[in-house]
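**Student:**
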Amino acid sequence: MPNPTSDSAPHDGYDLAVIGAGCAGLAGAAAASELGLSVALLDMARQTGGQFYRRPAPELRVERPQALHHDWSVFTGLRRRVAASGVTRLTGHHVWSVTREDDGGGNVEWVVHAATGADGGDERPVRVRARAILLATGSYERHLPFPGWTLPGVVGAGGAQAMLKSGLVLPGRRVFVAGSGPLLLAVASSLAAAGARIPAVVEASGYLGYSRRPGVLAANPLKLGEAVTHGAALLRHRVRLSTRSAVTAAHGTDRVAAVTVSRLDRDWRPVPGSEHRIACDALAVGFGLAPQIELATALDCATRRAVDGTTALVLDGLQRTSVPGIWAAGETGGIGGAHVARVEGELAGIGVAAQLSGRGALVRTGRVRTLRRRRDRMRAFADVMAAAHAPGPGWTRWLTDDTDVCRCEEVTAADIREAVTDLGARDARSVKLLTRAGMGWCQGRMCGAAVTCLAASGGESVPPSAERRPFAVPITLAALSSPESPADADAPSTAPPDPAVTDD
1 MPNPTSDSAP
11 HDGYDLAVIG
21 AGCAGLAGAA
31 AASELGLSVA
41 LLDMARQTGG
51 QFYRRPAPEL
61 RVERPQALHH
71 DWSVFTGLRR
81 RVAASGVTRL
91 TGHHVWSVTR
101 EDDGGGNVEW
111 VVHAATGADG
121 GDERPVRVRA
131 RAILLATGSY
141 ERHLPFPGWT
151 LPGVVGAGGA
161 QAMLKSGLVL
171 PGRRVFVAGS
181 GPLLLAVASS
191 LAAAGARIPA
201 VVEASGYLGY
211 SRRPGVLAAN
221 PLKLGEAVTH
231 GAALLRHRVR
241 LSTRSAVTAA
251 HGTDRVAAVT
261 VSRLDRDWRP
271 VPGSEHRIAC
281 DALAVGFGLA
291 PQIELATALD
301 CATRRAVDGT
311 TALVLDGLQR
321 TSVPGIWAAG
331 ETGGIGGAHV
341 ARVEGELAGI
351 GVAAQLSGRG
361 ALVRTGRVRT
371 LRRRRDRMRA
381 FADVMAAAHA
391 PGPGWTRWLT
401 DDTDVCRCEE
411 VTAADIREAV
421 TDLGARDARS
431 VKLLTRAGMG
441 WCQGRMCGAA
451 VTCLAASGGE
461 SVPPSAERRP
471 FAVPITLAAL
481 SSPESPADAD
491 APSTAPPDPA
501 VTDD
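Be aware that the sequence shown starts at 1, since it is given in the UniProt record's numbering, and climbs by one per residue.
Have a look at this one:
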């Protein structure tokens, strides 16, 4: 099948369907297409780039979107490769399921089910058929609740950065940044450069954990360079950095007006008497990222417990999952950042091309060996980073009984503790069945980590891996009950095509 060259002229069958148009997805789609495969690239956003290269909508006519990013030339290079190779870009496609079809003769085809439009709003169900799938679905923020975290003005750290990148707006003028993980430094420096006043960046962990692996640090100079760049930006804007501290409460009526900051011990338990209050009009808070693997777990792909407590996919050296025909790259295999996502996407694209075309020599080249070395080196650093910022068990001491843990269903910490201590729940699924925690619109993305930790504290059992869900994203009954049609030129996506690549 020839590679289509238009965003609005996809076909019903492809060699490869790539789900997610961030760093990993773009690299994988380009690599596979350059090696002769027909490729469809699906993403729910209106533009390619994922969360890392999120940018303002074309209607805003921003002249220099690269001002809010680094490595912009790498991104534009990926976009040029995708455009030149003829990848079919299906923006505004919310993939809610992937199913397998077998003709009985050993021929397997995968069917990607999606709803089109902004937020799936036009409710037109479509399908895309492919011989193989590359999951590049990225991640979402990990949230840990505390009293007051549902107040207006309290946003995720990544959410604050997304507001700035996509809408050129700040969550407030005096923005407190807190949580754990390297994302905090990037968020604080971006907000400060955009004009926000940052009273402090409060990191619940420390940075000494990095020093235990000097060899890994030395092998990843780019990561050290990023840290120096963000640190210099904070110094330039006179932003104070505090470690082993956390926001343990937010205060306000109609909006957050202040936060309580407490010192933490090594297990993240608040140190009595260390509390002090700081005024602010917004709080950007986040505790790292969690792999977005709902599509993979629904296909029964094997998972593993990462060092930071999140659940990631088990992948081989060429990014294959445990399910034949399904590859994955980027954050789905563990949180690692944009650099490792690009490398893994490239590896996966080559691996898919080698298998589907019968050209095994493609994976035995010097290029692949170099990519694998880079991947392994960066993954080693990612593990160090994850261990350094993994939440300590004592964070649950922040919670009062009336603190909402599941915001969608208004399930409090007391409700969950009752399910564990009085009703015998010992895992997140049991808590969910007894309290409805995780049954709301976000399907546990906001509260899942907290519910799992609270459930595990009731006993010695290990929390189960991510649940299998029939739907990876919310979908209306109208879309679910309507007949699917191929994503073809007669029924194009309502989202506009990705703008031409002209900015460097």
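Glycine included, every Cβ here is placed at the ideal spot set by N, Cα and C.
In whole angstroms, what is the alpha-carbon distance linking ALA388 and ARG269?
**Tutor:** 16 Å
**Student:** At a cut of 8 Å, does the segment 383 to 401 reach the segment 145 to 157 through at least three beta carbon pairs?
**Tutor:** yes
**Student:** Inspect the beta-carbon positions of VAL128 and ALA487 and report whether they are closer than 7 Å.
**Tutor:** yes
**Student:** Going by DSSP, what residue range makes up the alpha helix (DSSP H) through ARG436?
**Tutor:** Premise fails: ARG436 is in no alpha helix (DSSP H) and is neither H nor E.
**Student:** Which one or two residues does DSSP pair with ARG412 in a beta bridge?
**Tutor:** First, the residue type needs correcting, since residue 412 is Thr and not Arg in the sequence shown. DSSP, once it has assigned bridges, lists ASP404 as partnering THR412.
**Student:** Less than 7 Å between C-beta atoms, sequence neighbours within five positions excluded: which residues of the same chain meet that for residue 505?
**Tutor:** For residue 505 there is no data in the structure shown, the boundaries of the chain being 1 and 504.
**Student:** Let me know the beta strand (DSSP E) ranges lying completely inside the segment 112 to 151, each 3 residues or longer, listed in chain order.
**Tutor:** Here the runs fully enclosed are 125 to 135 and 139 to 141.
**Student:** Report the three-state DSSP secondary structure of PHE176 (helix, strand or coil).
**Tutor:** strand
**Student:** Which same chain residues, not among the five before or five after LEU371, have their C-beta less than 7 Å away from its C-beta?
**Tutor:** Excluding sequence neighbours, LEU371 sits near VAL343, GLU346 and LEU347.
**Student:** DSSP state of ASP281, grouped into three classes?
**Tutor:** Look at ASP281 here: in three-state DSSP terms it is coil, with no helix or strand label.
**Student:** Helix, strand or coil, according to DSSP, for SER482 in the structure here?
**Tutor:** Note: SER482 maps to coil in three-state DSSP.
**Student:** Determine the direct distance from the alpha carbon of THR48 to that of GLY366, and round the result to whole angstroms.
**Tutor:** 29 Å
**Student:** Shortest alpha-carbon distance to ARG100 belongs to which of SER73, ARG124, ARG131 and PHE75?
**Tutor:** Cα-wise, what sits closest to ARG100 is ARG131.
**Student:** Can you give the Cα-Cα distance for ALA329 and VAL352, rounded to whole angstroms?
**Tutor:** 12 Å
**Student:** Pull the bridge partners of TRP110 from the DSSP assignment, please.
**Tutor:** ARG100 and ALA130
**Student:** To the nearest angstrom, how far is it from the Cα of SER262 to the Cα of LEU423?
**Tutor:** 32 Å
**Student:** Using CA coordinates, which residue listed in PRO483, ILE350, ARG54 and VAL451 is at the minimum distance from SER33?
**Tutor:** ILE350
**Student:** Here's a check: name, in chain order, each residue in its chain whose Cβ is nearer than 8 Å to the Cβ of VAL169, leaving out the five neighbours to either side.
**Tutor:** Cβ neighbours of VAL169 beyond the five flanking positions: MET163.
**Student:** Locate the beta strand (DSSP E) running through ARG305, then write down its first and last residues.
**Tutor:** Unbroken beta strand (DSSP E) run through ARG305: 303 to 305.
**Student:** Hey, could you find the ends of the beta strand (DSSP E) HIS251 is sitting in?
**Tutor:** 245 to 252
**Student:** Between VAL271 and the rest of its own chain, which residues show a CB-CB distance below 7 Å, the 5 nearest in sequence each way excluded?
**Tutor:** SER262, ARG263, LEU264 and ASP265
**Student:** Going by other Cβ atoms of all chains shown within 10 Å of its Cβ, with 16 needed for buried, is ARG364 buried or exposed?
**Tutor:** ARG364 should be labelled exposed.
**Student:** Assess contact between the segment 176 to 195 and the segment 74 to 81, defined as three or more Cβ pairs (one per stretch) separated by less than 8 Å. Is contact present?
**Tutor:** no
**Student:** Output the distance between the C-alpha atoms of VAL87 and VAL95, rounded to the nearest integer angstrom.
**Tutor:** 18 Å
**Student:** What is the DSSP secondary structure of ASP376, reduced to helix, strand or coil?
**Tutor:** Reduced to three states, the DSSP call for ASP376 is helix.
**Student:** Report the CB separation of ARG445 from THR297 in whole angstroms; it is logged as a contact under 8 Å.
**Tutor:** About 14 Å; that fails the 8 Å criterion.
**Student:** Closest to GLY13 by CA distance: which of LEU37, GLY25, ILE335 and GLY28 is it?
**Tutor:** LEU37
**Student:** Kindly indicate the opening and closing residues of the alpha helix (DSSP H) around THR91.
**Tutor:** Where THR91 is concerned, there is no enclosing alpha helix (DSSP H), although the beta strand (DSSP E) it sits in stretches over 88 to 91.
**Student:** Which residues bound the alpha helix (DSSP H) around GLY206?
**Tutor:** It is not in any alpha helix (DSSP H) - GLY206 carries neither H nor E in the DSSP assignment.
**Student:** Taking the alpha helix (DSSP H) that LEU26 falls in, what are its first and last residues?
**Tutor:** 23 to 34
**Student:** Let me confirm a value: ARG240 is counted as buried when at least 16 other C-beta atoms fall within 10 Å, else exposed. Which label applies?
**Tutor:** exposed
**Student:** Return the residue from the list ALA449, LEU151, GLY167 and VAL112 that minimises the CA-CA distance to LEU16.
**Tutor:** VAL112
**Student:** Hey, ALA258 and ILE278 are a contact pair by Cβ (cut 8 Å); roughly how many whole angstroms apart?
**Tutor:** 6 Å
**Student:** Check this for me: beta carbons of VAL256 and GLY153, under 7 Å apart or not?
**Tutor:** yes
**Student:** Note the first and the last residue of the continuous alpha helix (DSSP H) segment covering ALA192.
**Tutor:** From DSSP, the alpha helix (DSSP H) with ALA192 extends over 183 to 193.
**Student:** According to the Cβ coordinates, are GLU294 and SER139 closer than 7 Å?
**Tutor:** no
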